[in-house]
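Down below is the structure, laid out as structure tokens.
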DNA sequence: ACTATATCTTGACATCGTCAACATCATGTG
DNA sequence: CACATGATGTTGACGATGTCAAGATATAGT
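Residue numbers (our numbering), protein chains in the order written: chain A, 175 to 380; chain B, 175 to 380.
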């Protein structure tokens with residue numbers, strides 16, 4: 175591995191293959207993902223990927239894991255840079271949907287169970303770490319007395335469902351069949367409505 | 175076609191193939207769906223399906239269309255049997271999630287764009303007819319003054335996103351990683367929270 | 001220097017989607 | 001009734017894919 179490109183060993187084939195998956199999805203959609211095409215793009219033989227990932231689901235499991243890590247980073251940044259719990263709650267929601275729309279080459283794989291190895295510990299951990307950020311945001315609004323007498327876990331799940339639903343629906347393009355409104359504007363409108371879940375008062379009686 | 179089973183012509187192969195798709199998904203998941211397996215289950219040759227559906231996406235497009243029709247029926251029933259707009263709104267939400275969970279052999283195909291023929295008029299119509307029921311429910315709660323000063327279309331999209339998100343998240347089993355609560359109970363809790371979007375007053379000033 | 005191991009290649013196999021050519025049935029028209 | 005036409009289904013083939021076994025090559029530890 176002095177530096178040559180035609181070395182027998184690739185150097186970091188694992189990373190190259192994961193990158194290739196993203197490329198393929200952006201170029202031709204999830205349906206076009208194949209071990210052989212990823213191998214082709216990485217410049218290796220057709221069955222090299224199996225040595226790193228076992229099988230196709232192994233590759234996609236690793237890819238989804240990487241997606242959840244990026245996902246977590248973006249939500250964490252949103253949480254950290256918000257001035258108060260209410261703003262953080264909203265920022266996380268926007269980060270969730272933004273990630274889904276802008277990095278859908280990850281998002282589309284992350285929530286497709288049949289493409290993953292079942293009970294993969296790394297994937298599960300990455301997923302849990304990502305949603306821990308969302309749960310932390312809900313914990314903070316609850317502590318600030320902004321959820322009234324609602325069950326915080328229920329608030330968290332409701333918020334999660336709403337942003338997840340927005341993400342998946344927007345990705346399919348379905349909403350555009352029912353309104354001429356710009357999808358970005360529509361998104362903001364839906365955010366406003368869905369935040370009715372938060373109590374208006376500030377010095378709330380927890 | 176006197177009655178024989180070994181007749182050269184099947185009789186209703188189209189329906190048999192659509193049924194077969196559902197069987198395959200229930201038995202082995204969406205990944206196991208193939209034209210050849212559907213043909214096998216219908217007892218015809220491997221390329222018979224192409225004459226009815228053109229290609230694999232054609233079969234799945236027809237299958238998704240049938241799914242949206244059943245979906246619409248169930249939401250319409252929920253809407254019709256509710257005593258008032260608020261109850262109708264809630265009933266539709268429950269019907270949406272129930273359909274996704276109980277008939278997920280349809281749901282998983284219906285919202286997977288890459289499996290459909292693009293801009294298929296029958297599929298689009300079936301989808302629009304289904305969501306028209308949800309929109310009608312929102313129209314009724316708006317007319318009853320239950321949405322405050324919110325934009326009814328935004329309320330509709332928010333409700334849609336929430337139930338759609340619940341459906342897809344519950345199907346992945348993700349929520350069970352964050353709570354021990356029974357998923358049915360959790361579902362009801364989330365419904366309660368998300369219905370905060372509706373105004374409490376009854377003789378609302380529309 | 002030597003060996004064990006990780007990494008990658010080669011070749012093969014069954015399955016899949018798709019296509020072209022052909023076979024069989026149904027229908028209606030003279 | 002004869003028969004032509006179109007719909008329906010079959011057969012055989014092709015390239016692409018996921019997976020596996022066997023072999024080749026590089027790396028690392030001793």
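Using N, Cα and C, we set each Cβ at its ideal position, and we do this for glycine too.
The structure presented is a predicted model; accordingly, all values stated were derived computationally and were not measured.
### Task
Return the Cβ separation of residue 312 of chain A and residue 329 of chain A in integer angstroms, given the expectation that the two are a contact with Cβ distance under 8 Å.
6 Å
### Message
Among the candidates B:323, B:339, B:264, whose CA atom is the shortest distance from the CA of residue 274 of chain B?
### Response
B:339
### Task
Could you check which residue in B:358, B:374, B:331 has the C-alpha nearest to that of residue 355 of chain A?
B:331
#### Entry: Proximity test, Cβ basis, 7 Å: residue 278 of chain A and chain B
no
### Query
Any Cβ of chain A within less than 7 Å of the Cβ of residue 209 of chain B?
no
### Message
Less than 8 Å between C-beta atoms, sequence neighbours within five positions excluded: which residues of the same chain meet that for residue 353 of chain A?
### Response
360
### Task
Could you tell me the distance, in whole angstroms, from the CA atom of residue 324 of chain B to the CA atom of residue 317 of chain B?
12 Å
#### Entry: Cβ neighbour criterion (16 or more within 10 Å) applied to residue 320 of chain B
buried
### Query
Does any CB atom of chain B fall closer than 7 Å to the CB of residue 364 of chain A?
yes
### Task
Would you mind reading off the limits of the alpha helix (DSSP H) that contains residue 275 of chain B?
259-276
### Message
Quick check: the Cα distance between residue 117 of chain B and residue 183 of chain A, rounded to an integer number of angstroms?
### Response
One cannot answer for residue 117 of chain B here, as it falls past the ends of chain B, which runs 175 to 380.
### Task
May I ask you to report which of helix, strand or coil DSSP gives residue 353 of chain B?
coil
### Query
With 16 other CB atoms within 10 Å as the buried threshold, where does residue 179 of chain A fall?
Unreliable positioning characterises residue 179 of chain A in this predicted model, as indicated by a pLDDT of 42, which lies under 50. The coordinate reading is nonetheless provided below. By the neighbour-count rule (16 or more Cβ atoms within 10 Å), residue 179 of chain A is not buried but exposed.
### Message
Cutting at 8 Å between CB atoms, please list the residues of its own chain near residue 345 of chain A, excluding the five before and the five after it.
### Response
274, 275, 278, 281, 282
### Query
Grouping DSSP H, G and I as helix and E and B as strand, with all else coil, what is residue 210 of chain A?
helix
#### Entry: Listed by chain order, chain A residues near residue 204 of chain B by CB distance under 7 Å
288
### Query
So, helix, strand or coil for residue 286 of chain A, using DSSP?
coil
### Query
What's the gap between the Cα of residue 264 of chain A and the Cα of residue 327 of chain B?
20 Å
### Query
CB residue 284 of chain A to CB residue 266 of chain A, shorter than 7 Å?
no
### Message
Quick check on the DSSP output: the alpha helix (DSSP H) that includes residue 230 of chain B runs from which residue to which?
### Response
230-254
### Message
Can you look up residue 187 of chain A in the DSSP assignment and give me helix, strand or coil?
### Response
helix
### Message
Quick check on residue 206 of chain B: buried or exposed, where buried means 16 or more other Cβ atoms within 10 Å of its Cβ?
### Response
exposed
### Query
With burial defined as no fewer than 16 other Cβ atoms inside 10 Å of the residue's Cβ, what is the status of residue 372 of chain B: buried or exposed?
buried
### Buried or exposed (CB count within 10 angstroms, at least 16 for buried), residue 235 of chain A
buried
### Query
Under a CB-based cut-off of 7 Å, is residue 373 of chain B close to chain A?
no
### Message
Measuring alpha carbon to alpha carbon, tell me which residue in B:286, B:199, B:201 is nearest residue 231 of chain B.
### Response
B:286
### Task
With DSSP collapsed to three states, give me the class of residue 175 of chain B.
Residue confidence for residue 175 of chain B is low, a pLDDT of 37 falling below 50, so the modelled location carries little weight and cannot support an answer.
### Task
Return the Cβ separation of residue 216 of chain A and residue 191 of chain A in integer angstroms, given the expectation that the two are a contact with Cβ distance under 8 Å.
5 Å
### Message
Taking 6 Å as the limit between beta carbons, can you name the residues of its chain near residue 220 of chain B, skipping five residues before and five after?
### Response
210, 213
### Query
If residue 136 of chain B and residue 341 of chain B are in contact, beta carbons under 8 Å, what's the gap, nearest whole angstrom?
No answer is possible for residue 136 of chain B: the residues shown for chain B start at 175 and end at 380.
### Task
Could you check how far apart the C-beta atoms of residue 243 of chain B and residue 333 of chain B are, in whole angstroms? I think they sit under 8 Å.
So it is not a contact: roughly 22 Å between Cβ atoms.
### Query
Alpha carbon to alpha carbon, how far is residue 203 of chain A from residue 314 of chain A?
38 Å
### Query
If you run the structure through DSSP and keep just helix, strand and coil, what is residue 378 of chain A?
Residue placement at residue 378 of chain A is poorly supported in this model, since its pLDDT is 41, which falls under 50; the coordinates are not used for a value here.
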